[in-house]
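Using the numbering used here, the first residue of the sequence shown is number 21, and each one after it goes up by one.
Ideal placement from N, C-alpha and C gives every residue a C-beta, glycine not left out.
Small disclaimer: the values here were computed from a predicted structure and weren't measured.
Report on the following structure.
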Amino acid sequence: MPIFRRGERKPEPPPMQPDPGRRGTGTGSGPVPAGPGAVPPPAATPAAANPPGPPVARFPITQGTLQCRDRGCPNHNGVLCHYVDRRGRRCDTAWCPNHWATVGGIVYCRRHAGTIAAIGYFEHPSGMPDVDNRAPSLVNWVARDLDAFVAATLVQTAEAGETFVREPAVTTHVERNAVRRYERAWKLVDHTGVRLAVAVYVDGEEEVSIHVRVGSAVVAEGVPPWIERRRRGLEVSAEVDRSQRALFYGFLQKHILAAVRSTRERDSRLSRP
Ligand SMILES: [Zn+2]
Ligand SMILES: [Zn+2]
């Protein structure tokens with residue numbers, strides 16, 4: 021693509037990419053050039069008259085013959101999880117209707133349904149997270165539990181002209197060292213842009229530590245207790261689980277609140293004449 025420097029005039033009309041085929045003069049008239057690998061449709065069917073469009077989404081089967089992976093489940097009508105990652109690898113677990121999860125009408129294992137729910141099931145130019153990566157759903161989980169607190173904290177410190185914005189899904193950032201970071205953020209924005217952002221993120225390589233950033237500084241981090249227990253194969257009662265979660269979130273909240281306050285105080289000192 022040509023680069024124009026400031027002061028140079030851009031030619032009119034803008035340059036076009038070279039067209040591989042003859043440009044048609046209308047739709048539906050004359051033969052349509054087929055892409056490489058395209059299979060010509062049978063000439064006699066009415067479908068042959070349809071113009072080419074995006075591939076038709078096909079509703080996947082929901083009745084399978086595979087042993088359900090859920091521990092102790094006797095069902096043999098499982099289907100494979102439909103998750104495919106950016107390297108083209110598939111999840112190889114099968115689940116019956118009692119134990120699968122669905123997003124957008126597609127069957128997944130519960131873990132990958134969590135991944136899809138975290139990042140959204142629309143366009144992902146950089147591809148889906150690796151099949152064994154738990155980071156997106158961990159970030160989403162923690163962000164959901166912190167959401168009310170962070171929203172209230174930011175809204176309370178908003179100044180005139182600032183609006184609170186919550187990112188609806190986990191976003192993927194590729195770091196300089198090619199490590200992927202999965203992040204969810206809350207922001208105060210005004211007409212000049214982002215005034216203050218709070219984010220929780222997980223580095224794709226380590227997958228277990230939650231990091232909290234306020235402004236440009238990382239202010240707290242740690243492995244959630246339920247992740248630590250899973251790594252060690254420990255089981256605890258629901259009550260212990262609740263109290264450990266409360267400790268973890270209390271720790272993050274305390275540091276978020278302190279950092280938001282100090283950042284706002286510093287910013288208001290700097291903006292004072
Ligand atoms: Zn089952
Ligand atoms: Zn799966």
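If you draw a straight line from the C-alpha of residue i to the C-alpha of residue j, how long is it?
| i | j | result |
| --- | --- | --- |
| A1 | P94 | Since the first residue of the chain shown is 21 and the last is 293, residue 1 is not available in this structure. |
| S263 | G253 | 19 angstroms |
| R107 | A168 | 36 angstroms |
| G242 | H144 | 28 angstroms |
| P80 | L86 | 15 angstroms |
| L287 | R281 | The sequence shown places Asp at residue 287, not Leu. In a straight line, the C-alpha of D287 is about 10 angstroms away from that of R281. |
| A279 | G73 | 51 angstroms |
| T122 | T113 | 14 angstroms |
| H193 | D223 | 9 angstroms |
| W135 | L290 | Position check: residue 135 holds Thr in this sequence, whereas Trp was assumed. T135 and L290: Cα-Cα distance of roughly 41 angstroms. |
| D152 | V214 | 34 angstroms |
| R284 | A138 | 30 angstroms |
| C101 | N160 | 20 angstroms |
| V76 | G124 | 15 angstroms |
| C88 | R130 | 13 angstroms |
| E255 | K274 | 28 angstroms |
| D261 | E248 | 12 angstroms |
| T173 | Y221 | 19 angstroms |
Of all the options the options, which has the alpha carbon lying nearest to the alpha carbon of residue i?
| i | options | result |
| --- | --- | --- |
| V228 | L290, W246, R164 and T85 | W246 |
| Q191 | C111, S146 and T183 | The residue asked about is misnamed: residue 191 is Thr in this sequence, not Gln. Cα-wise, what sits closest to T191 is S146. |
| A189 | H231, V256 and A219 | A219 |
| V170 | D210, L216 and T212 | L216 |
| D210 | R130, P244, V175 and I230 | V175 |
| A163 | T183, W206 and R251 | W206 |
| D150 | R186, E179, F184 and R110 | R110 |
| A155 | Y128, E187, R249 and H132 | H132 |
Should residue i be labelled buried (16 or more other beta-carbon atoms within 10 Å of its own) or exposed?
| i | result |
| --- | --- |
| L208 | buried |
| F268 | buried |
| G50 | Summary for G50: the model assigns pLDDT 39, below 50, so the residue's position carries little reliability; its value from the coordinates is reported in the next sentence. Label assigned to G50: exposed. |
| L304 | There is no way to answer for residue 304, as the model of the chain reaches only from 21 to 293. |
| E10 | Because residue 10 is not part of the residues shown, which for the chain are 21 to 293, the question remains open. |
| I126 | buried |
| E195 | exposed |
| A266 | exposed |
| G298 | No answer is possible for residue 298: the residues shown for the chain start at 21 and end at 293. |
| V232 | buried |
| R91 | exposed |
| E203 | buried |
| T82 | exposed |
| G41 | Residue placement at G41 cannot be trusted, given a pLDDT of 39 that sits under 50; what the coordinates show is reported in the next sentence. G41 should be labelled exposed. |
| N118 | exposed |
| R200 | buried |
How is the alpha helix (DSSP H) around residue i delimited, first residue to last?
| i | result |
| --- | --- |
| I139 | R130 to I139 |
I need the boundaries of the beta strand (DSSP E) containing residue i, first residue and last residue.
| i | result |
| --- | --- |
| V123 | A121 to V123 |
Checklist entry - Can you list the alpha helix (DSSP H) stretches of 4 or more residues lying completely in the stretch 186-268, in chain order? => result 245-252
Next on the checklist: Quick check for students: name the residue ranges of the beta strand (DSSP E) that lie wholly in the stretch 158-190, counting only runs of 3 or more.
Outcome noted: The stretch 158-190 contains these whole beta strand (DSSP E) runs: 183-186.
Item to check | Continuous beta strand (DSSP E) assignments of at least 3 residues falling wholly in the stretch 79-127 | outcome: 121-123
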